[in-house]
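Q: Sharing a structure here in structure tokens format.
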Amino acid sequence: MFSKLSPYGGDPILSLQLAYREDARADKINLSIGLYYDEDGHIPQLQSVQKARELVNQLHEPCVYLPMSGNPAYCKGAQSVVFGVDSDIVRSGRVATIQTLGGSGALKVGADVLKKFFPESTARISDPTWDNHRAIFEGAGFPVETYPYFNRETQRLDFAAMAAYLDGLPEETIIVLHPCCHNPTGADLNTEQWDEVVNIVSRRRLLPFLDMAYQGLGEGFESDAYLVRALVKAELPFLVANSFSKIFSLYGERCGSLSMVCANADEAARAVGQMQQAVRRNYSSPAAYGARLVETVLLDSTLRSLWESEVGDMRQRIESMRTRLYRGLVQELPEFDWDFLLAQRGMFSYAPVLGQHMLRLRDEFGVYIIESGRICVAGLNASNVDRAARAFAAVLK
Ligand code: LMR
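Under our numbering, think of the first position of the sequence shown as 14, with each following residue one higher.
Structural data, given as structure tokens:
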């Protein structure tokens, strides 16, 4: 019966993570998947989350099904991170938010809802982008094409090409945007550039779908959400997928949310209904425990401040590792221009030239990066960063 099934080529990010786990070398370095490691090379347990865990565990709550739209208090907490505390638009009931299975679940549910009501639309993703964007939107039935984003020669954002392309799109085209910490390049738009994108969205009547998995790890929670604020200010409809995997170090709990920003509360109520239907068809309801932890942190002012400072520490550690990597590469290979690394933000750096050497890096040096040339800077620490820089230099020489 199943002889017709073709083999699956594997996912470029998740397959590498498996290979890394099976690698027996003690000095291996994981710069592949987007995981934040602390200075000791461990996935941290945040203190704020630990305290929330103790509080929640004391309650011995029964583990029942959540509603299709998830835990309502968690959704409030997610809105306060994505749209800001005391957001007018949230207060006026115009934001429809549901809890989802991570950021991927939010993208899938949102794509399914859009397919039902915008069946003729097509989706545009940045070139390059997170590998799963194409798969999710094609999986939902949309034709997917790329918009220009990164110039591989200058190793920088090509905003002029991006803006010109977006300005030529037909109405109701879905454009997937990374508000901060672009994955994989770490090359972000500045506020003037985002303002121009918002003008284009408004003029061309485009449909923005924001994927925000790294809020807080670029410049800070508010700055990283500049695009969200600008779209709200312009009174435009849009969707946002958010993920707490990295910023709560709760990857396996799959805590995310999907918000649809609507014209009024009545429209938002219908948006919740459509998202609920898409959830029911895909997985019925999201998981309870991780969301309970996130909710406890976000709705308690003391735990929330602690969490915000812990995310701030993560951001600073990533920045210091980016600088150390830069210095190491300048020392090892001064003939290369590495300045672009310092302009990048968030968990990733991107040097496509290194992607060509990914197998040598892995086999000879135990250094794992993604084939695109994406390096997860958050996997570096004081004891492996110089070794990683030497490995990069050795394959480039
Ligand atoms: C990544 O980009 O490495 C993360 O978002 C993890 C994933 O699911 O790909």
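Quick reminder that beta carbons are idealized off the backbone N, C-alpha and C, glycines included. Quick caveat: nothing in here was measured; it's all calculated off a predicted structure.
Residues in its own chain within less than 8 Å of residue 373 by CB, not counting five upstream and five downstream?
A: 408, listed in sequence order.
Q: Taking only runs of the alpha helix (DSSP H) that begin and end inside the region 314 to 359, which ones reach a length of at least 4 residues, in chain order?
A: Counting whole runs of 4 or more residues, the region 314 to 359 contains the alpha helix (DSSP H) stretches 314 to 345, 353 to 356.
Q: Is residue 26 near the ligand LMR, with its Cβ less than 7 Å from a heavy atom?
A: Indeed, a heavy atom of the ligand LMR lies less than 7 Å from the Cβ.
Q: Roughly how many angstroms separate the alpha carbons of residue 309 and residue 271, rounded to a whole number?
A: Taking the straight line from one Cα to the other gives about 19 Å.
Q: For the putative contact between residue 169 and residue 353, defined by C-beta atoms under 8 Å, what is the C-beta separation to the nearest angstrom?
A: That pair is a contact at about 6 Å.
Q: Does the distance between the C-beta of residue 226 and the nearest non-hydrogen atom of the ligand LMR fall short of 7 Å?
A: It does: the Cβ of residue 226 is within 7 Å (strictly closer) of some heavy atom of the ligand LMR.
Q: Report the three-state DSSP secondary structure of residue 187 (helix, strand or coil).
A: Strand.
Q: Evaluate the contact criterion for the region 288 to 300 versus the region 118 to 131: three or more CB pairs, one atom per stretch, below 8 Å.
A: Taking 8 Å as the limit for Cβ pairs, the verdict is that the region 118 to 131 does touch the region 288 to 300.
Q: If you follow the beta strand (DSSP E) that residue 225 is part of, which residue opens it and which one closes it?
A: Note, residue 225: beta strand (DSSP E), 220 to 225.
Q: Between the region 343 to 351 and the region 185 to 199, do at least 3 Cβ pairs fall closer than 8 Å?
A: No, because fewer than three Cβ pairs between the region 343 to 351 and the region 185 to 199 fall closer than 8 Å, the two stretches do not touch.
Q: If we count the other Cβ atoms within 10 Å of its Cβ and call it buried at 16 or more, is residue 181 buried or exposed?
A: With fewer than 16 Cβ atoms within 10 Å of its Cβ, residue 181 is classed as exposed.
Q: Pick helix, strand or coil for residue 193, following the three-state DSSP scheme.
A: It is coil, neither helix nor strand.
Q: Let me know the secondary structure DSSP gives residue 57 once reduced to three states.
A: It is coil, neither helix nor strand.
Q: On the DSSP bridge list, what partners appear for residue 273?
A: The partner list for residue 273 (beta bridge, DSSP) reads 109, 252.
Q: Among 19, 141, 242, 369, whose alpha-carbon lies nearest the alpha-carbon of residue 94?
A: Of the candidates 19, 141, 242, 369, the one whose C-alpha sits nearest the C-alpha of residue 94 is 242.
Q: Under the rule that 16 or more other beta-carbon atoms within 10 Å means buried, what is residue 156, buried or exposed?
A: It counts as exposed.
Q: When DSSP labels each residue in this structure, what does residue 217 get in the three-state scheme?
A: The answer is helix: DSSP assigns residue 217 an H, G or I state.
Q: Could you check if residue 196 is buried or exposed, using at least 16 other CB atoms within 10 Å of its CB as the buried criterion?
A: Buried, by the Cβ-count rule.
Q: Excluding the 5 residues flanking residue 159 on each side, which residues of the same chain have their C-beta closer than 6 Å to its C-beta?
A: Excluding sequence neighbours, residue 159 sits near 138, 140.
Q: Within its chain, find whatever has a CB closer than 6 Å to the CB of residue 83; leave out the 5 residues flanking it on each side and keep chain order.
A: 111, 112, 299.
Q: Cα-Cα, which of 149, 326, 101 is closest to residue 118?
A: If we check each option's Cα against that of residue 118, 149 comes out closest.
Q: Give the range of the beta strand (DSSP E) segment to which residue 159 is assigned.
A: Residues 157 to 161.
Q: At what residue ranges does the region 66 to 107 contain a whole run of the alpha helix (DSSP H), taking only runs of 4 or more?
A: Counting whole runs of 4 or more residues, the region 66 to 107 contains the alpha helix (DSSP H) stretches 85 to 95, 101 to 104.
Q: If you measure between the beta carbons of residue 285 and residue 251, is that distance less than 8 Å?
A: Cβ distance not < 8 Å, so residue 285 and residue 251 don't count as in contact.
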